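**Q** Below is the structure I would like to discuss, written out as structure tokens.
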Amino acid sequence: MNKKIEETFNEGIRLENEAQFEKAHSIYEDILQHATDETILEKTRCRMEDINDLISEKAIYQRIDENAKKVLTDIGVNISENQILMDLLMEADAVDFDNETALFIPLKPDYIDHCLAQVPREMPLDPGMNTFGIGATPPFLKRNGDDELRPASRKEYEEIAFEVGKHQDVVGMFSLPVACDKSISLFEVAHLMVKNFQGLKMITTNMMSDDEVAFFKDKGDWLDGTSLIASLASMNNMVDPFLRSARTGNNLLLIDQTIAGVSGPGSPEALLTQNHAQVIFMMVLAQTVNPGISCIHCGIPSVTGAGGNLSYSSPHQTFINAAMARVNTWITHFPSAQTGGSTSLSDVNSQAIIESELSRNTLRKYGVHIVRHAIGALGSLNYFCLEKLLKDCESERRSREVFDAIPKDKGMMPLYFPSDDQALSGIREIAEKGNPKSADHTLKNVDSFHHWEDMIKQAAKKKHYYPQLNDMVINSNKADM
Numbered sequence: 017m018n019k020k021i022e023e024t025f026n027e028g029i030r031l032e033n034e035a036q037f038e039k040a041h042s043i044y045e046d047i048l049q050h051a052t053d054e055t056i057l058e059k060t061r062c063r064m065e066d067i068n069d070l071i072s073e074k075a076i077y078q079r080i081d082e083n084a085k086k087v088l089t090d091i092g093v094n095i096s097e098n099q100i101l102m103d104l105l106m107e108a109d110a111v112d113f114d115n116e117t118a119l120f121i122p123l124k125p126d127y128i129d130h131c132l133a134q135v136p137r138e139m140p141l142d143p144g145m146n147t148f149g150i151g152a153t154p155p156f157l158k159r160n161g162d163d164e165l166r167p168a169s170r171k172e173y174e175e176i177a178f179e180v181g182k183h184q185d186v187v188g189m190f191s192l193p194v195a196c197d198k199s200i201s202l203f204e205v206a207h208l209m210v211k212n213f214q215g216l217k218m219i220t221t222n223m224m225s226d227d228e229v230a231f232f233k234d235k236g237d238w239l240d241g242t243s244l245i246a247s248l249a250s251m252n253n254m255v256d257p258f259l260r261s262a263r264t265g266n267n268l269l270l271i272d273q274t275i276a277g278v279s280g281p282g283s284p285e286a287l288l289t290q291n292h293a294q295v296i297f298m299m300v301l302a303q304t305v306n307p308g309i310s311c312i313h314c315g316i317p318s319v320t321g322a323g324g325n326l327s328y329s330s331p332h333q334t335f336i337n338a339a340m341a342r343v344n345t346w347i348t349h350f351p352s353a354q355t356g357g358s359t360s361l362s363d364v365n366s367q368a369i370i371e372s373e374l375s376r377n378t379l380r381k382y383g384v385h386i387v388r389h390a391i392g393a394l395g396s397l398n399y400f401c402l403e404k405l406l407k408d409c410e411s412e413r414r415s416r417e418v419f420d421a422i423p424k425d426k427g428m429m430p431l432y433f434p435s436d437d438q439a440l441s442g443i444r445e446i447a448e449k450g451n452p453k454s455a456d457h458t459l460k461n462v463d464s465f466h467h468w469e470d471m472i473k474q475a476a477k478k479k480h481y482y483p484q485l486n487d488m489v490i491n492s493n494k495a496d497m
């Protein structure tokens, strides 16, 4: 193989990994016109099969980012009854009082851009791409031989922290793994996490004292998890804790948990647009009170199953979070965190372990940043289980070995993200009617996630190099057992 041609091809792969797909396209076209080596030509043809899909996909993510800002400028956020936020934004001259068509309180476009420009694009102690973490506060601890639903005690937290500490080779982020009972405070839990885990940690601070919140200041290994916005409105009980954390200077993990058809639109594009808008609004507030503060975009969009409950067994949950990650890694370059790697099943059996592994491997296949809930969770985040933690860690180690052995010249895989030209108007309709279930846009998109899954399946059938890497990993793991 001609070394120069091979280097040129590798440059195309590098550009793909940086989401510079049009530049990669030009390189591949040049190779096809001038190369004679059949091996490199075949590899280039494979990339050309995907590159136009990737260009189109990136364009949708660019529109999501632009439309998310339009949600804040043209529709607004319902904060009119929260005087603290109103005073804060009016003092900053952030409110667009000339806008007579917004439904709620609109922000000025220039002010949004000004604030977002101040958000650091790098985070302290970043564990890197495809990092899978533990926890984020399921209400119940799953115990062997004990079906009573209750949170964890001090003794159980000591055991959890000790066990997590033994698996830091695969656990890249230690979030609060489960709710705690009155025998231990969240601040004491945080100290147990510090004692046993050296990497990135996250905890919520809204129930802590001022002195306890200040403990996390200037600590690069801690993220202060908070959630302020839901359904384009502020949660008034979270305003003071949110602003306190921002003013203190803690690294903020800005969490939005919009659910398709429940608290947000039903189409993938509209869901991500609202989710992204609400995180951006929190970023604007954080930068208003403390310019330059570290903000991690934790948009974790979710889907429901047939019964209306969160469905972490659904591939849709994995796909939508992979897409949210791409909005940030390809377009905004904000540090980001998603959700995935869990299961809707409530018992630790082989199916639950496989579903979690499939989700993690799919996320890794498309490329994500940090993933919460990926190890040890059950029942669509209703339970945390030490037994599952251990099994997830075992399967994750084997999966890493298989993925590490995959050739690095395969390029980026398209996610075939479906477009929705009515995303912005759909969000406006939902805001006007006060409920996604009442909106025509929701009804029109009731099958949109299933259509998206079908697109991915059909594409996989046509490409010999595409078929489920996650299945391959599982088959390889089974052979090693």
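Residues in the sequence shown are numbered consecutively from 17, following this note's numbering. Beta carbons are placed, not taken as given, at the ideal position from N, Cα and C, and that holds for glycine. All figures in this text were calculated on a predicted structure; none of them were measured in a lab.
Since I believe residue 263 is in contact with residue 305 (beta carbons under 8 Å), could you give me their beta-carbon distance rounded to a whole number of angstroms?
**A** The residue you call residue 305 lines up with position 289 of the sequence shown. The residue you call residue 263 lines up with position 247 of the sequence shown. Right, their Cβ atoms sit about 5 Å apart.
**Q** Three-state secondary structure (DSSP) at residue 415?
**A** One-based indexing of the sequence shown puts residue 415 at position 399. Three-state result, residue 415: helix.
**Q** Could you give the uninterrupted runs of the alpha helix (DSSP H) lying entirely in the region 96-147, keeping only those of 4 residues or more?
**A** Correct list: 99-107, 125-133.
**Q** Among the residues of its own chain, which have a CB less than 8 Å from the CB of residue 320, if the five just before and after it don't count?
**A** On the sequence shown, position 304 is the one that residue 320 refers to. Here the set comprises 275, 276, 277, 278, 326, 327.
**Q** DSSP beta-bridge partners for residue 240?
**A** What you label residue 240 is simply residue 224 of the sequence shown in a count that begins at 1. Answer is 219, 268, bridged to residue 240.
**Q** Select from 357, 469, 255 the residue whose C-alpha is nearest the C-alpha of residue 149.
**A** For this step, residue 149 is matched to residue 133 along the sequence shown. Here the closest residue by C-alpha is 357.
**Q** For residue 80, I'd like the list of residues in its chain whose CB is within less than 7 Å of its CB, leaving aside the five on either flank, ordered along the chain.
**A** Here residue 80 refers to the residue found at position 64 of the sequence shown. So the qualifying residues of the chain are 285, 288, 289, 292, 343.
**Q** Is the Cβ-Cβ distance between residue 190 and residue 180 less than 7 Å?
**A** For the purposes of this step, residue 190 is taken as the residue at position 174 of the sequence shown. For the purposes of this step, residue 180 is taken as the residue at position 164 of the sequence shown. Yes, they are a contact pair.
**Q** Leaving out five residues on either side along the sequence, give the residues of the same chain with a beta carbon under 8 Å from the beta carbon of residue 398.
**A** Looking up residue 398 in the sequence shown gives position 382. Cβ neighbours of residue 398 beyond the five flanking positions: 154, 155, 156, 362.
**Q** Out of 142, 432, 128, 126, point me to the one whose CA is closest to residue 73's CA.
**A** One-based indexing of the sequence shown puts residue 73 at position 57. Per the Cα distances, 432.
**Q** Could you tell me the boundaries of the alpha helix (DSSP H) in which residue 354 lies?
**A** Looking up residue 354 in the sequence shown gives position 338. Where residue 354 is concerned, there is no enclosing alpha helix (DSSP H), although the beta strand (DSSP E) it sits in stretches over 353-355.
**Q** Please go through the same chain and pick out, in chain order, the residues whose beta-carbon is closer than 7 Å to the beta-carbon of residue 233, but skip the five residues on each side of it.
**A** Within the sequence shown, the letter at position 217 stands for residue 233. Answer for residue 233: 264, 265, 266, listed in chain order.
**Q** Please name the residue in 411, 448, 464, 18 whose C-alpha comes closest to that of residue 185.
**A** Locating residue 185 in the sequence shown gives position 169, counting from the first residue. Residue 411 is the option with its Cα nearest to residue 185.
**Q** Is it buried or exposed, residue 337, if we count other Cβ atoms within 10 angstroms and call 16 or more buried?
**A** To locate residue 337, count along the sequence shown from 1; it is residue 321. Burial call: buried.
**Q** Is it right to say residue 476 is buried, meaning 16 or more other beta carbons lie within 10 angstroms of its own, or is it exposed?
**A** Here residue 476 corresponds to residue number 460 of the sequence shown, with the count starting at 1. Counting Cβ neighbours within 10 Å, residue 476 comes out exposed, since fewer than 16 surround it.
**Q** Return the Cβ separation of residue 85 and residue 125 in integer angstroms, given the expectation that the two are a contact with Cβ distance under 8 Å.
**A** Counting from one through the sequence shown, the residue named residue 85 turns up at place 69. Counting from one through the sequence shown, the residue named residue 125 turns up at place 109. Correct: roughly 7 Å between the Cβ atoms.
**Q** Taking the alpha-carbon positions, what's the residue 268 to residue 57 distance?
**A** Walking along the sequence shown from the start, residue 268 turns up at place 252. Walking along the sequence shown from the start, residue 57 turns up at place 41. Their Cα atoms are separated by approximately 47 Å.
**Q** For the 8 Å Cβ check, are there 3 or more pairs between the region 242-251 and the region 34-48?
**A** Flag = no, the region 242-251 and the region 34-48 do not touch.
**Q** On a CA-only basis, which of 260, 188, 238 is nearest residue 223? Give me that one, please.
**A** Position 207 of the sequence shown holds residue 223. For residue 223, the nearest C-alpha among the options comes from 260.
**Q** Report yes or no: do the region 452-460 and the region 87-105 share at least 3 C-beta pairs separated by less than 8 Å?
**A** Result no; under three Cβ-Cβ pairs closer than 8 Å.
**Q** Is it buried or exposed, residue 377, if we count other Cβ atoms within 10 angstroms and call 16 or more buried?
**A** Residue 377 sits at position 361 when you count from the first residue of the sequence shown. Its Cβ being crowded by 16 or more others within 10 Å, residue 377 is buried.
**Q** Do the CB positions of residue 141 and residue 177 come within less than 7 Å of each other?
**A** As a position in the sequence shown, residue 141 is number 125, starting the count at 1. As a position in the sequence shown, residue 177 is number 161, starting the count at 1. Cβ distance not < 7 Å, so residue 141 and residue 177 don't count as in contact.
**Q** Have a look at residue 108 and residue 130 and give me their C-alpha separation to the nearest angstrom.
**A** As a working note, residue 108 is residue 92 in the sequence shown. As a working note, residue 130 is residue 114 in the sequence shown. For residue 108 and residue 130, the distance between alpha carbons rounds to 12 Å.
**Q** In terms of DSSP beta bridges, what is residue 314 paired with?
**A** By one-based count along the sequence shown, residue 314 stands at place 298. In DSSP, residue 314 forms a bridge with 271.
**Q** Contact defined as beta carbons within less than 8 Å: I believe residue 315 pairs with residue 145. What is the distance between those atoms, to the nearest angstrom?
**A** Working through the sequence shown from its first residue, we reach residue 315 at position 299. Working through the sequence shown from its first residue, we reach residue 145 at position 129. The Cβ separation is near 17 Å, so there is no contact.
**Q** Using a threshold of 7 Å, state whether the C-beta atoms of residue 243 and residue 271 are closer than that.
**A** Along the sequence shown, one-based indexing puts residue 243 at 227. Along the sequence shown, one-based indexing puts residue 271 at 255. Yes, Cβ-Cβ distance for residue 243 and residue 271 is below 7 Å.
**Q** Beta carbon of residue 442, beta carbon of residue 281: below 7 Å?
**A** Indexing the sequence shown from 1 puts residue 442 at position 426. Indexing the sequence shown from 1 puts residue 281 at position 265. Against a cut-off of 7 Å, the Cβ pair of residue 281 and residue 442 comes out as a contact.
**Q** Helix, strand or coil for residue 309? Go by DSSP, reduced to three states.
**A** For the purposes of this step, residue 309 is taken as the residue at position 293 of the sequence shown. Note: residue 309 maps to coil in three-state DSSP.
**Q** If I measure Cβ to Cβ from residue 307 and keep anything under 7 Å in the same chain, skipping five residues before and after, which residues do I get?
**A** On the sequence shown, residue 307 is found 291 positions in, with the first residue counted as 1. For residue 307, where only same-chain residues beyond five positions count, the Cβ hits under 7 Å are 134.
**Q** Have a look at the DSSP bridge pairing and note the partners of residue 320.
**A** As a first step, residue 320 is located in the sequence shown; it is residue number 304 there, counting from the start. Per DSSP, 326.
**Q** Helix, strand or coil, according to DSSP, for residue 213 in the structure here?
**A** Counting from one through the sequence shown, the residue named residue 213 turns up at place 197. Coil at residue 213, not helix or strand.
**Q** So, with DSSP's three-state summary, where would you put residue 409?
**A** Reading the sequence shown from its first residue, position 393 is the one you call residue 409. Three-state DSSP puts residue 409 in a helix.
**Q** Using a 10 Å radius around the Cβ and a threshold of 16 neighbouring Cβ atoms, would you call residue 499 buried or exposed?
**A** The requested residue 499 is not part of the displayed model; the chain covers only 17 to 497.
**Q** Please work out which residues of its chain come closer than 6 Å, Cβ to Cβ, to residue 368, disregarding the five sequence neighbours upstream and downstream, and give them in chain order.
**A** Along the sequence shown, read from residue 1 onward, the residue named residue 368 stands at position 352. Only 359, 361 meet the Cβ criterion.
**Q** Out of 65, 225, 92, which has the shortest C-alpha to C-alpha gap to residue 426?
**A** Working through the sequence shown from its first residue, we reach residue 426 at position 410. Among 65, 225, 92, the Cα nearest to that of residue 426 belongs to 65.
**Q** Of the residues 21, 473, 38, which one's Cα is nearest the Cα of residue 49?
**A** Sequence index remark: in the sequence shown, residue 49 carries index 33 (1-based). Selected option, being the one with the closest Cα: 21.
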